[in-house]
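Numbering (our numbering), first residue to last: 36 to 458.
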């Protein structure tokens, strides 16, 4: 699935094998890696992770009654910071465990509890990064464990993507739309899937942009705006004041299940995926687990205070941006500007526009993101490493809390290496 990277690598090497040419190309590649690219391929990559982001964010705005402007403003600012600092297509995603639990228990997980979870999450990550604790915890995650996490997320993306494609309802808002008696969502999904396959390596007509354009047009044509009222300008934003009970609920129900996933995926997994996808890029010196923890801790302060969705980085989001063409920090900056405009200018209209993208279109983006992650497993060399990685994926797909899968995987990996077990 890494054809784009392979092509770029080959083209950067040139056809002249002389030392002078190789030295020139090396300097050119080094200089290019420092630049922020803002072309249409980078723009397509910028929107590659919407399949992960939008379903959780839109559901939390609808179900948990969050402010659309608060949510998109914090995501936009975090994307701007990530793009400028890391100079790589580092993703900004909602915390998946927090999002799933919040959507499942809206009567308990209120806006104040969600805000409290962002504040606690921020404090933990800042302490863990500044004390060096995150680097010590990262040592628990061998390559087999990290590949198991990446395989797990890839398979989850595939499963969730297919579920969105075959979902009966076409809109995330639950609106029936036109032709409700027909499998319209599935038909749109199949058409967009074929379109993405045809355009996957096309730089003139980037696949993700084409998919989103078709999604918005079909959403409007199928009645996505029917019966909706909306206005421009930011929606109401305010600072929250969580109670001690809110902090307790957030810690027990949201943060404890989230921490193992954050360390394994958002910190260690993202750093490892950067090394796999951007080998030799000098910007990798910034892409370290401790720095990812610090940036997440820093940017979740305003998210928590505004009662917005808590955010993280993630290996799946990185694969999604990369799969659809993102290669520099230009992609995060462009999607960041887009989200800030949604928050402060388009407001409710912008949120509605995003929510009418058919679920199947987002599902297609998720499927291709999953297909980018799964092949990373090929870098493992021994049967023992494959055993650990596949065990983690199997447990994670069988139980609702991925933290258990990571814990068992780390323990089994340690036992195999300590006892020199051969498989």
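Yeah, the Cβ is synthetic: ideal placement off N, Cα and C, and Gly gets one too.
Do residue i and residue j have their C-beta atoms within less than 8 Å of each other?
i, j, result
"residue 391", "residue 259", "yes"
"residue 407", "residue 322", "no"
"residue 356", "residue 83", "yes"
"residue 282", "residue 151", "yes"
"residue 207", "residue 93", "yes"
"residue 179", "residue 431", "no"
"residue 440", "residue 434", "yes"
"residue 107", "residue 378", "yes"
"residue 380", "residue 267", "yes"
"residue 190", "residue 339", "no"
"residue 414", "residue 272", "no"
"residue 224", "residue 349", "no"
"residue 245", "residue 235", "no"
"residue 327", "residue 305", "yes"
"residue 419", "residue 376", "no"
"residue 345", "residue 86", "no"
"residue 300", "residue 188", "yes"
"residue 242", "residue 359", "yes"
"residue 170", "residue 325", "yes"
"residue 364", "residue 119", "yes"
"residue 270", "residue 382", "yes"
"residue 394", "residue 138", "no"
"residue 140", "residue 367", "no"
"residue 149", "residue 288", "no"
Would you call residue i buried or exposed, if buried means 16 or more other Cβ atoms sit within 10 Å of its Cβ?
i, result
"residue 89", "buried"
"residue 317", "exposed"
"residue 409", "buried"
"residue 131", "buried"
"residue 454", "exposed"
"residue 444", "buried"
"residue 362", "buried"
"residue 248", "exposed"
"residue 274", "exposed"
"residue 128", "buried"
"residue 237", "exposed"
"residue 109", "buried"
"residue 117", "buried"
"residue 182", "buried"
"residue 341", "buried"
"residue 311", "buried"
"residue 458", "exposed"
"residue 184", "buried"
May I ask which residues mark the beginning and end of the alpha helix (DSSP H) holding residue i?
i, result
"residue 202", "Neither: residue 202 is in no alpha helix (DSSP H) and is coded neither H nor E."
"residue 358", "350–358"
"residue 75", "75–81"
"residue 326", "324–340"
"residue 238", "Counting along the chain, residue 238 falls outside any alpha helix (DSSP H), and DSSP gives it neither H nor E."
"residue 119", "103–121"
"residue 453", "437–454"
"residue 143", "Taken as a continuous stretch (DSSP letters only), residue 143 belongs to no alpha helix (DSSP H), as it is neither H nor E."
"residue 87", "85–98"
"residue 34", "Any question about residue 34 goes unanswered here, given that the chain covers just 36 to 458."
"residue 169", "168–173"
Just grab the DSSP bridge partners of residue i for me.
i, result
"residue 347", "128"
Is residue i close to the ligand SAH? I mean its beta-carbon at under 7 Å from any heavy atom of the ligand.
i, result
"residue 74", "Ligands displayed in this structure: none; no statement on the ligand SAH is therefore possible."
Which runs of the alpha helix (DSSP H) fall wholly inside the stretch 240–318 and span at least 4 residues, in chain order? Within the stretch 240–318, the complete alpha helix (DSSP H) runs of at least 4 residues are 242–256, 279–284, 291–296 and 305–312.
Please give the ranges of any alpha helix (DSSP H) in the stretch 369–393, keeping only runs that are unbroken, at least 4 residues long and fully inside the region. Fully enclosed alpha helix (DSSP H) runs of 4 or longer: 382–390.
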